[in-house]
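**Student:**
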Amino acid sequence: MHELTLTQEYMICAVDNKGKISSFNVERLVCLLASGLLELQLEGCILLDQKTVTVTGALPEQKQYLKPLYDFLNQSSQRKPVKIEKVLEAYTYSVTDKNITALFDSVGMSLKNIGLAEVSKAGLLGKRNTYIPCKEAVHYVIDMIRSELLENVEVTEDIASLVILLDKSDLLKTYFSKYEQREIKAKLKEITGSDAGKAVAAMVAYIENLFALIVSLTVFYS
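For the sequence shown, our numbering begins at 14 and goes up steadily by one.
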């Protein structure tokens with residue numbers, strides 16, 4: 014199995030059985046965006062805070078599937094901070110869905126190219142690509158979460174972030190029993206409350222902030 018990244022792992026878990034994320038499911042779309050932002054930060058490409066995103070470095074070759082998101086941030090900022098609200102508006106509340114579609118397609122093709130997803134078509138005219146992950150890929154990601162959060166091992170920032178995103182997009186219950194969900198959330202709470210879990214706690218706070226902004230934007234656009 015190829016080594017997967019946060020955004021690839023999230024997408025594998027987030028698409029439905031037809032390989033798509035509904036445009037009505039804003040939470041899952043925002044979490045796809047958030048996974049890309051968090052991954053770019055972990056790579057040192059951007060700097061995140063509660064209000065802005067700042068491009069701080071070049072996009073590595075191995076992260077080219079995040080190029081649509083990186084290019085949007087880079088063009089919008091010219092190395093100056095971009096307001097989080099502007100990013101959310103462009104990816105979830107825009108008149109067109111070209112930005113989120115470009116990110117979705119780029120990540121989906123990266124999975125197809127390593128043999129972990131099958132490309133299909135959707136939409137009224139069959140022009141939209143969908144990406145159906147293979148069962149082995151789904152099992153691999155879920156087993157990684159189980160091994161880190163349900164066993165006595167060190168939890169990585171990548172897996173902790175993935176669990177937070179799955180929780181926020183209401184996907185934990187799709188893959189884990191009620192007992193496992195309680196255990197996973199308890200372990201995550203324990204981690205974020207420790208000195209060693211400060212980076213994870215910062216990611217939790219960042220994702221919480223994104224969802225608070227969603228609420229405010231929803232009110233604004235309603």
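No residue lacks a Cβ here, since even glycine has one placed at the ideal position from N, Cα and C.
Suppose you measure from the CA of Leu72 to the CA of Ser119; what does that come to, to the nearest Å?
**Tutor:** Looking up residue 72 in the sequence shown gives position 59. Looking up residue 119 in the sequence shown gives position 106. If you take the alpha carbons of Leu72 and Ser119, they lie about 14 Å apart.
**Student:** Cα separation between Thr236 and Lys198?
**Tutor:** No answer is possible for residue 236: it lies beyond the span of the chain, which begins at 14 and ends at 235.
**Student:** Taking a contact to mean a Cβ-Cβ separation below 8 Å, would you say Leu162 touches Val168 in this structure?
**Tutor:** Residue mapping note: residue 162 aligns to position 149 of the sequence shown, counting from 1. Residue mapping note: residue 168 aligns to position 155 of the sequence shown, counting from 1. Yes.
**Student:** For a test of the three-state rule: what should DSSP assign to Ile59, helix, strand or coil?
**Tutor:** Counting from one through the sequence shown, the residue named residue 59 turns up at place 46. Strand.
**Student:** Tell me the residue span of the alpha helix (DSSP H) that contains Thr205.
**Tutor:** In the sequence shown, residue 205 corresponds to position 192, counting from 1. DSSP places Thr205 inside the alpha helix (DSSP H), whose first and last residues are 191-205.
**Student:** Would the beta-carbon of Thr18 fall within 8 Å of that of Glu74?
**Tutor:** Sequence index remark: in the sequence shown, residue 18 carries index 5 (1-based). Sequence index remark: in the sequence shown, residue 74 carries index 61 (1-based). It is not a contact, given that the beta carbons lie outside the stated cut-off.
**Student:** If you run the structure through DSSP and keep just helix, strand and coil, what is Asn142?
**Tutor:** By 1-based counting over the sequence shown, the position of residue 142 is 129. Strand at Asn142.
**Student:** Looking at Glu40 and Asp183, is the spacing between their C-beta atoms short of 8 Å?
**Tutor:** Your numbering for residue 183 matches position 170 in the sequence shown. Your numbering for residue 40 matches position 27 in the sequence shown. Cβ distance < 8 Å, so Asp183 and Glu40 count as in contact.
**Student:** Can you tell me whether DSSP reads Thr187 as helix, strand or coil?
**Tutor:** Numbered from its first residue, the sequence shown carries residue 187 at position 174. Three-state DSSP puts Thr187 in a helix.
**Student:** Buried or exposed: where does Phe321 fall if 16 or more other Cβ atoms within 10 Å of its Cβ makes it buried?
**Tutor:** Any question about residue 321 goes unanswered here, given that the chain covers just 14 to 235.
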